[in-house]
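To start, the structure itself, in structure tokens.
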Amino acid sequence: MLNIEKQIENESWVLKLTGEIDASNSVELDAAMSQVVENGAKIILIDCSGLEYISSAGLGVFMSYLEEFEENNIKMAIYALKEKVFQVFHILGLDQLITIKHTKEEALEG
Amino acid sequence: MNSQLRLYCDTAQLSDLRQFLEAILKQTQLSEVEQHQVILAVEEVCANMIIHSHDCNSKEFIDLNVISSQSMLVFEIVDFGEGFNILEYQEPEISQVIKSKRKGGIGIILVKRIMDKIEFESFENKNVCRLYKNLNSK
């Protein structure tokens, strides 16, 4: 089960992910990401405080946007990852390629 | 101790797989982070088979046998058909995955980095992939 709440706060879009992301539902994350991009988001904050699990299908969604975000000057930051979920990003070295922070405030600072 | 699970080839079954594995791993001395990683590695192999070897055909299935001893866990994943040889698969570079904006291809990298040993064998129509996790390794 995955729940995605979208919220706009000041100039940032916040996507709050709750539950588990695997190959059965990663398309939902993809759809939510492309929707905020279409809405002209320049800052996207991903709240992962409720995220219990992510497989490569979910990681692949984040990775597929990195080039586009770089080209279009869109900032994305992930925050409040649980340690077990953070370690999955770390195994692939994605913590070096994606901005990952502890809190929303830190994420906003970039 | 041995435990078995039959997974029909539908990605909706992956959450059942995680629950099954969680119950087994809870009984080991692996940390929460390590348990999580082992669940992920087994799921990556199963998801790969469900999607790529069986085209998500829910009439087909794969069988998972978990053999646990004090020092090791062995996850034996059996399917019938063309088979996916994880050992021959050339993982892409992460930078290439990002450049090509493809959404797949990184699952097997995770499996190889998490597990201690991987075997694959194919005989006639039957394929067996074995993932080993040492319980004493740090």
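Protein sequences, first through last, are from chains A and B.
Per the numbering used here, the first sequence runs over residues 1 to 110.
Per the numbering used here, the second sequence runs over residues 1001 to 1138.
Cβ coordinates follow ideal geometry from the N, Cα and C atoms, glycine included.
All values derive from a computational prediction rather than experimental measurement.
Evaluate contact between the region 1122-1132 of chain B and the region 1041-1051 of chain B, counting only Cβ atoms and requiring at least three cross-stretch pairs below 8 Å.
Touching, yes, given that three or more Cβ pairs across the two stretches are closer than 8 Å.
Starting from B/K1114 and walking both ways along the alpha helix (DSSP H), at which residues does that stretch end?
The question names Lys, but residue 1114 of chain B is Ile in the sequence shown. Counting along the chain, the alpha helix (DSSP H) containing B/I1114 begins and ends at 1107-1114.
By Cβ distance below 7 Å, which residues in the same chain neighbour B/Y1132 in space, the five residues on each side in sequence not counted?
Closer than 7 Å at the Cβ level, and outside the excluded window around B/Y1132, lie M1072, V1074, M1115, D1116, K1117.
Between B/S1100, B/S1068, B/L1007, which lies nearest to B/L953 when the distance is taken from Cα to Cα?
The question about residue 953 of chain B has no answer, for chain B in this structure spans 1001 to 1138.
Of all the residues that make up the region 1090-1122 of chain B, which are near chain A by a beta-carbon distance shorter than 8 Å?
For the region 1090-1122 of chain B, which is checked against every Cβ of chain A, the residues closer than 8 Å are I1094, V1097, I1098, K1099, K1101, R1102, K1103, G1104, G1105, I1106, G1107, I1109, L1110, R1113, I1114.
Name the residues in the region 59-92 of chain A whose C-beta lies less than 7 Å from a C-beta of chain B; which are they?
Here the close residues are L59, G60, V61, M63, S64, L66, E67, E83, K84, Q87, V88, I91, L92.
Taking contact to mean 3 or more Cβ pairs, one atom from each stretch, closer than 8 Å, check whether the region 60-77 of chain A and the region 27-45 of chain A are in contact.
These segments touch.
Do B/S1058 and B/E1082 count as a contact pair if the criterion is CB distance below 7 Å?
Against a cut-off of 7 Å, the Cβ pair of B/S1058 and B/E1082 comes out as no contact.
Closest by CA to A/N3, which one among A/L97, A/L94, A/S49, A/I74?
Comparing Cα-Cα distances from A/N3 to each of A/L97, A/L94, A/S49, A/I74, the minimum goes to A/S49.
How about A/A23 and A/A57: do their beta carbons lie closer than 7 Å?
It is a contact, given that the beta carbons lie within the stated cut-off.
With 7 Å set as the bound, which would you pick, yes or no: does the beta-carbon of B/T1011 sit closer than that to a beta-carbon of chain A?
Closer than 7 Å: yes.
Could you check if A/M76 is buried or exposed, using at least 16 other CB atoms within 10 Å of its CB as the buried criterion?
Result: buried.
Could you please give me the residues that DSSP links to A/A77 through a beta bridge?
A/L45, A/T99, per the DSSP bridge assignment.
Considering only the alpha carbon of each residue, which of A/A41, A/Q96, A/L51 lies closest to A/L17?
Taking only the C-alpha atoms, the option nearest A/L17 is A/L51.
What is the C-beta distance between B/Q1153 and A/Q87, in whole angstroms, given that I count them as a contact (C-beta under 8 Å)?
With chain B running from 1001 to 1138 in the structure shown, residue 1153 of chain B is simply not present.
State the Cα-Cα distance for the pair A/I21 and B/L1017, rounded to the nearest angstrom.
So the alpha carbons of these two residues sit roughly 14 Å apart.
Listing by chain order, which chain B residues have their CB less than 7 Å from the CB of A/A41?
Result: empty, since nearest Cβ-Cβ is about 18 Å, beyond 7 Å.
If you draw a straight line from the C-alpha of B/C1056 to the C-alpha of A/K104, how long is it?
Cα to Cα, the separation comes out at about 38 Å.
Name the chain B residues whose beta carbon is nearer than 8 Å to that of A/A23?
Within chain B, the residues near A/A23 are T1011, L1014, A1047, I1050, I1051.
Using the DSSP secondary-structure output, state which residues sit across from B/R1130 in a beta bridge.
According to DSSP, B/R1130 bridges with B/E1076, B/E1119.
Kindly give me the distance between the Cβ atoms of B/I1094 and B/V1045, rounded to whole angstroms, as I take these residues to be in contact under 8 Å.
Not confirmed; about 19 Å, so no contact.
How many angstroms separate the CA atom of B/F1123 from the CA atom of A/E83?
Cα to Cα, the separation comes out at about 41 Å.
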